[in-house]
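One structure below.
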Amino acid sequence: MTAVNIQHIETLNDAIAGSPAFACAKPSPTRFLDRADEVINVDVTTDELRNRLRQGKVYRPDKVEQALSSFFRKANLTALRELALRLVADEVGAKGRRTRAEGLEPALIPELVMVCMSSNTEAARVIRTGVRIAGRLGSRWYAV
């Protein structure tokens, strides 16, 4: 059993790379989560986390104001909570797909994902996003 901060998950780098507040020099490999028997989201509200910070339960008192004005801003925390909830929802969806594959429930109508590419420098990011969406849906994806 272990805990990991959502901003450290490797496959979420694209989603958080635009913010220097979330920079992570050594992200945790996604296979770390893929190999887990179960993924559980342990969370508190943004206000509760900020209160815990003010009470000295997260950082030393001399670091609190800097943390509140940089990484621990409400917008940052809300974005990270959303990513965490999506990650756990993906895990629950994957378990459902495995159960259906065992024939225990009727199969859902399959979804398909199509990624339209160009020579734009963002093409690689668009492809990774398409792959991530297809993975959530348990579907095939196509690049056009």
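Heads up: the sequence shown is residues 421 to 564, going by this note's numbering. Here a beta-carbon is modelled for each residue, glycine too, at the ideal position from N, C-alpha and C.
Grouping DSSP H, G and I as helix and E and B as strand, with all else coil, what is residue i?
{"i": "Val564", "result": "coil"}
{"i": "Ile547", "result": "helix"}
{"i": "Val462", "result": "coil"}
{"i": "Val424", "result": "coil"}
{"i": "Val478", "result": "coil"}
{"i": "Ser489", "result": "helix"}
Is the beta carbon of residue i less than 9 Å from the beta carbon of residue j?
{"i": "Asp463", "j": "Ala509", "result": "no"}
{"i": "Val564", "j": "Val546", "result": "no"}
{"i": "Phe452", "j": "Leu469", "result": "no"}
{"i": "Ser559", "j": "Glu531", "result": "yes"}
Residue i: buried (16+ other C-beta within 10 angstroms of its C-beta) or exposed?
{"i": "Ile429", "result": "buried"}
{"i": "Ile460", "result": "exposed"}
{"i": "Gln427", "result": "buried"}
Since residue i and residue j should fall inside the 8 Å C-beta cutoff, what is the C-beta to C-beta distance between them, to a whole number of angstroms?
{"i": "Ala514", "j": "Val533", "result": "In fact, because the Cβ distance is near 16 Å, the residues do not count as touching under 8 Å."}
{"i": "Leu473", "j": "Ala487", "result": "6 Å"}
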